[in-house]
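Read the structure below first, then the notes.
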Amino acid sequence: MKGPPSSEPNLDDILARDFAELNVGEEKLETPTVSNQQDTESEQPPSPIAYNQRIDAVEDRTSFTVKAPTTKADEPTSESEKTTKPTILKTPSAQPGDDFDVDW
Numbered sequence: 359m360k361g362p363p364s365s366e367p368n369l370d371d372i373l374a375r376d377f378a379e380l381n382v383g384e385e386k387l388e389t390p391t392v393s394n395q396q397d398t399e400s401e402q403p404p405s406p407i408a409y410n411q412r413i414d415a416v417e418d419r420t421s422f423t424v425k426a427p428t429t430k431a432d433e434p435t436s437e438s439e440k441t442t443k444p445t446i447l448k449t450p451s452a453q454p455g456d457d458f459d460v461d462w
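First residue of the sequence shown? That's 359 in the numbering used here, and the numbers climb one at a time after it.
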């Protein structure tokens, strides 16, 4: 039911127009088919999941080994480049009360 004509937009007219534009592409939409095997496999997990349960695990290994990280011999180490000795001054280069320029 429409009311008297007015210059204000009508919500029902706007929604009908916009949803009509959205429904145009639904006729051409192809739904992908999913095989039934994948559905049955995903429905049954391999074991039931027990939440909020206490786990009593005991470590029975007496020792374990870790492989050393491998480094490539042909690449120079970056430590030699970073170990440049900084110059240390006996007095600071700026004194209290000196003016200095700041780029803003």
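Beta carbons are placed, not taken as given, at the ideal position from N, Cα and C, and that holds for glycine.
Could you tell me the distance, in whole angstroms, from the CA atom of Glu-366 to the CA atom of Ile-372? Walking along the sequence shown from the start, residue 366 turns up at place 8. Walking along the sequence shown from the start, residue 372 turns up at place 14. Approximately 11 angstroms, taken between the alpha carbons.
Check for me: the alpha helix (DSSP H) holding Asp-376 runs from which residue to which? Reading the sequence shown from its first residue, position 18 is the one you call residue 376. Its alpha helix (DSSP H) spans residues 369-380.
C-alpha distance - Ala-378 paired with Ile-413, whole-angstrom precision: Within the sequence shown, numbered from 1, the residue matching residue 378 stands at position 20. Within the sequence shown, numbered from 1, the residue matching residue 413 stands at position 55. So the two alpha carbons sit approximately 57 angstroms from each other.
Distance between Ser-421 and Pro-427 (C-alpha atoms, nearest Å): By 1-based counting over the sequence shown, the position of residue 427 is 69. By 1-based counting over the sequence shown, the position of residue 421 is 63. Cα atoms of Pro-427 and Ser-421: separation of roughly 19 angstroms, rounded to the nearest angstrom.
What's the gap between the Cα of Asp-459 and the Cα of Lys-425? Translated into positions along the sequence shown, residue 459 becomes position 101. Translated into positions along the sequence shown, residue 425 becomes position 67. It is roughly 54 angstroms from the alpha-carbon of Asp-459 to the alpha-carbon of Lys-425.
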